[in-house]
Amino acid sequence: MSFADLGLSDELLRAIADSGYTEPTPIQTGVIPSVLMGKDLVGIAQTGTGKTAAFVLPMIDILHQGRSRARMPRSMILEPTRELAMQVAENFEKYGKYHPLSMALLIGGVQMGDQVKALEKGVDVLIATPGRLMDLFGRGKILLTGCELLVIDEADRMLDMGFIPDIEEICSKLPKSRQTLLFSATMPPPIQKLAAKFLNDPRRIEVARPATANINIEQRLVEVSADKKKDALRDILRHEEFKNAIVFSNRKTTVRELATSLKRSGFAVGQIQGDMEQVQRIAEFDRFKSGEITILVASDVAARGLDVKGVSHVINYDVPWQPDDYIHRIGRTGRAGMSGIAITLATRADAEAVAGIEKLIGHKIPRQGAAKAVEREEEPKVAKAPKPEKAEPVAKAARPARAPAAEPAPKAEKPKRAEKKPEPAERLPVVEDMADEWNGPVPSFLSFGAD
Ligand code: ADP
Ligand code: MG
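And the structure:
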């Protein structure tokens, strides 16, 4: 299958060739013709397998017909974080370079002036984080009645508790007859059920069972006592042959501490977490992308979607509380067919969280090194831990975050799934009805009144 077989325009094929892509990835093969046909769909494929181009490419050809009007964007892409929105905008520019399309990027933490000016001129595509979009909508700067195409990227995250009120409100302003596309590497069935509310006769196009980790990622788990975690991290960073690494931690304070302590040990390190000013966040991320720093200590604000070329290692300094976050964090490596290594530090107190992850991904994470005996763990129990930082801080009234992973909602009896080997990367996409194959926790708020 080649890009030319997918029904894309010649200008687009030229831009694709300029990007150096020789053939579409399986999710692109599966999704692009359906999008061009105007279908609603849910697209599921592992991290780093080209989901962005799967929607951006056909969107460009669709938008090429028609004209934008002042304050009435013709299409919209929603992203959970500012950096991810910026990255998708870069993709739009790259693939749309032979198409005269206009775009506005609406993200929080930066001045609104230019965003408003762009909107007033009229844009073909709006790429936004929900907070800023709602803000501008509230000020009467945007009319969504002409928005015929909606993409919700990282859809399960966008439809969970933190964002759902905004998404519901945004969707209520859009025309009913619009086309809606949802994408993610993870998709718990209850969220997919909820998603059905926003879709019209959707197709589900999936390349792999949701939440399978990308097979290009070698996963390892290092058992360590709580008071030795920093030493273990330094050890890994000294002895692993890494090109660059993202070190994830569950708390913003730990991100700050680790960045300081690693810097003191002589590492070229930066940080990214939700308490930083946006300009600083962007500057640090740019330093990492350019190779000026080789280690980025990050909160989960960097867990989803970010595509930095050739990240060789992801290190979980803390085991994530949500099993699906594990999939997304480690998915920052092993992208676009490259290989990567993901190392997770786990203490005894993390046993439950590790079990949750292993249940979700369907296999045990190979242990590296022997477990050290510990008399007492200093860490708080997972259930009592403060809430993990999630994506963008929401400016409005405080909203409940997702339930911590320690207490997954009880699930209905399910037939036990046979041991599955990781899917081969080249598997063709399947188009089918929803299969109830989620092993992760079900967000508790979905257990009542979700349908
Ligand atoms: P996902 O959203 O599935 O996690 P991305 O859309 O961020 O993945 O793409 C991951 C990487 O793959 C990007 O660097 C992108 O440039 C590259 N890529 C996308 N499509 C192709 C293709 N057809 N051939 C080669 N590389 C591709
Ligand atoms: Mg993506």
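Okay, so the sequence shown: first residue is -2 according to our numbering, each after it adds one.
Ideal Cβ placement from N, Cα and C applies to all residues, glycine included.
These figures come from a predicted structure and were not determined experimentally.
Using only CA atoms, which one of S65, V219, L10 lies nearest to V53? L10
Is the Cβ of I292 closer than 7 Å to any Cβ of chain B? Among the chains in the structure shown there is no chain B, since it carries only a single protein chain.
With DSSP collapsed to three states, give me the class of R200. strand
Nearest-angstrom Cα distance between I327 and E166? 32 Å
Distance between beta carbons of A1 and Y95, contact taken as under 8 Å: The Cβ separation is near 15 Å, so there is no contact.
I need the DSSP call for T177, collapsed to helix, strand or coil. strand
Three-state class that DSSP yields for G267 in the structure shown: strand
Could you give the uninterrupted runs of the alpha helix (DSSP H) lying entirely in the segment 76 to 116, keeping only those of 4 residues or more? 79 to 92
Looking only at its own chain, which residues have a Cβ that is under 8 Å from the Cβ of Q365, when we skip the five neighbours before and after it? R217, L218, V219, I340
Reduced DSSP secondary structure (H/G/I, E/B, other) of E372: At E372 the pLDDT is 35, less than 50, meaning the model places this residue with poor confidence and gives no usable figure here.
Name the DSSP bridge partner or partners of L293? I243, G267
Could you round the C-beta distance between G163 and P127 to whole angstroms and report it? I think they count as a contact, below 8 Å. Inspection of the sequence shows that residue 163 is occupied by Asp rather than by Gly. Their Cβ separation, rounded to whole angstroms, is 4 Å, which keeps D163 and P127 in contact under 8 Å.
Which runs of the beta strand (DSSP E) spanning at least 3 residues fall entirely within the segment 112 to 173, listed in chain order? 122 to 125, 146 to 149
Exposed or buried, which one is S296 when buried takes at least 16 other CB atoms within 10 Å? buried
G27 lies in the alpha helix (DSSP H); which residues open and close that run? 23 to 33
DSSP beta-bridge partners for L38? L178, R200
Selection from P97, T177, I139 that minimises the alpha carbon distance to E117: I139
Grab me the residues of I290's own chain with a C-beta within less than 7 Å of its C-beta, minus the 5 sequence neighbours each way, in chain order. A265, V266, G267, R284
I'd like the span of the alpha helix (DSSP H) that includes Q319, first residue to last. No alpha helix (DSSP H) holds Q319; DSSP gives it neither H nor E.
Closer than 6 Å: T49 CB and nearest the ligand MG heavy atom: yes
When the Cα atoms are used, what is the spatial distance from K190 to S174? 20 Å
When DSSP labels each residue in this structure, what does S258 get in the three-state scheme? helix
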